[in-house]
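Student: Handing you this structure, nothing more for now.
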Amino acid sequence: MKRFTVKELFAHASALANQSVSVTAWVRTVRDSKTFGFLELNDGSFFKNVQVVFDSDLENFSDVAKLPISSTVTVEGTLIYTPDAKQAFEIRAAQVRIDGYSVSDYPLQKKRHSFEYLRSIAHLRPRTNTFSAVFRVRSLAAFAIHQFFQERGFVYVNTPIITTSDAEGAGEMFRLTTGTNDEFFGKPASLTVSGQLNAEAYSLAFGNVYTFGPTFRAENSNTARHAAEFWMIEPEMAFAELADLLMVAEDMVKHVIHYVLEHAPEEMAFFDQFVEKGLLARLQHVVESDFARVGYSEAIELLKTAKVDFEYPVSWGLDLQSEHERYLCEQVFKRPVFVTDYPKDIKAFYMRMNDDGKTVAASDLLVPGIGELIGGSQREERLEALKKRMVEMGLNPEEYAWYLELRAYGETKHAGFGLGFERLLMYLTGMSNIRDVIPFPRTVGHAEF
RNA sequence: UCCUCGAUAGCUCAGCGGUAGAGCAUCCGGCUGUUAACCGGAGGGUCGUAGGUUCGAAUCCUACUCGGGGAGCCA
Numbered sequence: 264m265k266r267f268t269v270k271e272l273f274a275h276a277s278a279l280a281n282q283s284v285s286v287t288a289w290v291r292t293v294r295d296s297k298t299f300g301f302l303e304l305n306d307g308s309f310f311k312n313v314q315v316v317f318d319s320d321l322e323n324f325s326d327v328a329k330l331p332i333s334s335t336v337t338v339e340g341t342l343i344y345t346p347d348a349k350q351a352f353e354i355r356a357a358q359v360r361i362d363g364y365s366v367s368d369y370p371l372q373k374k375r376h377s378f379e380y381l382r383s384i385a386h387l388r389p390r391t392n393t394f395s396a397v398f399r400v401r402s403l404a405a406f407a408i409h410q411f412f413q414e415r416g417f418v419y420v421n422t423p424i425i426t427t428s429d430a431e432g433a434g435e436m437f438r439l440t441t442g443t444n445d446e447f448f449g450k451p452a453s454l455t456v457s458g459q460l461n462a463e464a465y466s467l468a469f470g471n472v473y474t475f476g477p478t479f480r481a482e483n484s485n486t487a488r489h490a491a492e493f494w495m496i497e498p499e500m501a502f503a504e505l506a507d508l509l510m511v512a513e514d515m516v517k518h519v520i521h522y523v524l525e526h527a528p529e530e531m532a533f534f535d536q537f538v539e540k541g542l543l544a545r546l547q548h549v550v551e552s553d554f555a556r557v558g559y560s561e562a563i564e565l566l567k568t569a570k571v572d573f574e575y576p577v578s579w580g581l582d583l584q585s586e587h588e589r590y591l592c593e594q595v596f597k598r599p600v601f602v603t604d605y606p607k608d609i610k611a612f613y614m615r616m617n618d619d620g621k622t623v624a625a626s627d628l629l630v631p632g633i634g635e636l637i638g639g640s641q642r643e644e645r646l647e648a649l650k651k652r653m654v655e656m657g658l659n660p661e662e663y664a665w666y667l668e669l670r671a672y673g674e675t676k677h678a679g680f681g682l683g684f685e686r687l688l689m690y691l692t693g694m695s696n697i698r699d700v701i702p703f704p705r706t707v708g709h710a711e712f
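Each residue of the first sequence is one higher than the last, beginning at 264 in the working numbering.
What follows is the structure, encoded as structure tokens:
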């Protein structure tokens with residue numbers, strides 16, 4: 264008898280009507296009465312469960328009826344097509360073989376659990392509806408990102424996880440040690456906080472490149488949006504200006520949304536119903552509308568004239584606070600918004616100075632509910648200007664010798680951005696805590712599992 | 001790191017000075033079409049830890065630990 268996955272059964276239910284099928288899966292729930300019962304099975308291949316009807320003709324009827332949740336069974340039976348019932352089809356069991364017993368203290372019950380509790384059993388939570396949906400979407404979104412860049416000729420570069428450059432300017436680093444006093448690499452080494460500088464080198468050879476890999480920040484952040492280990496996508500484009508970069512960023516976000524809506528409709532409908540009401544309408548709106556663009560200076564004016572009492576002051580030269588970012592994208596523009604041309608003093612040394620001498624060609628993409636999803640800039644390609652900025656910001660140009668050589672040997676304008684993959688997932692799924700979109704999250708004080 | 005809220009049964013919570021409760025889960029029984037099935041019964045707790053106030057503390061006070069939310073840092 265041919266064995267099918269649950270996904271295959273759902274895909275071909277009408278064609279398989281009245282045929283003999285076999286499926287091996289875990290028991291999600293059992294309901295029984297005196298002479299018959301129902302099993303709901305899931306084998307991980309599909310979001311929905313397959314319903315199995317079994318009756319007292321089975322020699323092991325009472326054993327099956329008492330199966331603890333998450334036991335493993337192989338069912339052989341006839342597929343009954345039931346398009347008018349709550350389930351599209353069911354399997355009338357001729358035989359239920361018990362492959363492996365679970366036990367009655369299985370921590371996942373047939374009820375809603377809090378996300379906090381599920382975090383404490385991170386090894387089991389992928390068996391729940393919510394996390395099954397989250398991590399399938401995570402997989403699809405990762406593929407969609409590769410697809411987007413590959414189709415546009417970007418070269419995927421694996422930038423190093425271990426780095427000895429001491430001040431990439433993107434936060435606290437984890438120091439690496441072998442446990443002895445020797446410096447394995449001859450000098451202090453750390454886990455990377457960004458692949459950007461390395462990606463720039465490759466963009467000045469291949470033109471368009473992107474990285475997609477893990478990133479580490481040793482910051483004592485305790486929020487729903489920060490983790491010590493997360494994944495980041497960093498495209499870098501030669502011969503490109505800030506405006507070119509923003510177009511790519513917008514197209515990429517839309518592509519990923521489109522892809523997951525098309526390839527995970529059951530999961531996305533589940534999020535819309537149980538995680539964030541209105542999610543599908545929100546994403547549809549994003550795909551169909553143009554992202555807003557506003558200069559930092561104009562954004563400051565909008566905030567100054569806003570009829571809202573902000574906790575933090577607004578004035579030109581200060582960085583935008585969370586409440587300001589939220590006001591801009593949620594109240595003023597009601598969609599994702601690129602804020603561009605920030606004051607040079609609140610941005611990194613490598614960002615390209617604008618002609619006004621006060622602002623740099625940088626942009627953050629702010630989205631409702633998440634805050635900063637993307638941070639990017641045109642890079643300073645002019646060797647002397649770059650050196651000048653490094654000195655002004657207290658960096659030693661000698662430590663960036665190879666980075667400066669990129670400018671010396673055929674300088675050209677180029678631009679890139681960093682996208683926090685988990686933040687994108689939060690935006691796609693409506694999940695509100697970054698710890699719930701990473702399989703085994705690492706945050707301050709937490710690296711279990 | 002700061003602010004704030006919280007910690008009571010396996011899970012989600014109520015009780016807020018006077019002998020510890022509910023729903024779900026578990027176990028037992030019933031039920032011929034269920035959909036987080038339903039109905040009946042049972043078992044299950046040194047009320048986060050340590051100290052204090054009080055005749056008496058889950059309840060009030062202090063410290064600590066852990067967790068949620070917000071802020072900063074950022075992606």
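Heads up, the beta-carbon is just placed ideally off N, CA and C, and yes, glycines get one too.
Applying the 10 Å Cβ sphere with the 16-neighbour rule, what's the burial state of V523?
Tutor: By the Cβ neighbour-count rule, V523 is buried, with 16 or more other Cβ atoms within 10 Å of its own.
Student: Using 9 angstroms as the threshold, is the C-beta distance between F310 and L508 below it?
Tutor: no
Student: On the DSSP bridge assignment, give the partners of S626 in chain order.
Tutor: T603 and G639
Student: Less than 9 angstroms between the beta carbons of S395 and E530, yes or no?
Tutor: yes
Student: Would a C-beta distance cut-off of 9 angstroms place G476 and I425 closer than the cut-off?
Tutor: no
Student: Start and end of the beta strand (DSSP E) containing H677?
Tutor: H677 -> beta strand (DSSP E) spans H677 to G683.
Student: Among all the DSSP beta bridges, which residues are the ones paired with P331?
Tutor: According to DSSP, which records beta bridges pairwise, P331 is partnered with nothing at all.
Student: Taking 6 angstroms as the limit between beta carbons, can you name the residues of its chain near Y465, skipping five residues before and five after?
Tutor: Taken in chain order, the residues that qualify are V420 and V472.
Student: Inspect the CB distances between the segment 639-650 and the segment 498-515 and report whether three or more fall short of 8 angstroms.
Tutor: yes
Student: Just curious, the alpha helix (DSSP H) that Y666 is in, first and last residue?
Tutor: A664 to A671
Student: State the beta-bridge partners of F283 as determined by DSSP.
Tutor: Inspection of the sequence shows that residue 283 is occupied by Ser rather than by Phe. T341.
Student: Nearest CA to the CA of A624: which residue from L304, W494, M495 and F612?
Tutor: F612
Student: With DSSP as the reference, label T292 as helix, strand or coil.
Tutor: strand
Student: Closest to A491 by CA distance: which of G470, V456 and P631 is it?
Tutor: V456
Student: What ranges does the alpha helix (DSSP H) occupy inside the segment 343-426, keeping only unbroken runs of at least 4 residues that lie completely in it?
Tutor: 378-382 and 392-414
Student: Taking C-alpha atoms, which residue in I637, S578, D572 and S283 lies nearest to E497?
Tutor: Per the Cα distances, I637.
Student: Which runs of the beta strand (DSSP E), 3 residues or longer, sit entirely within the segment 447-497?
Tutor: 452-454 and 471-479
Student: F712 and H386: beta carbons closer than 9 angstroms?
Tutor: Yes, Cβ-Cβ distance for F712 and H386 is below 9 angstroms.
Student: Entirely within the segment 527-589 and at least 4 residues each: give me those alpha helix (DSSP H) ranges in chain order.
Tutor: 528-533, 542-551, 559-567 and 585-589
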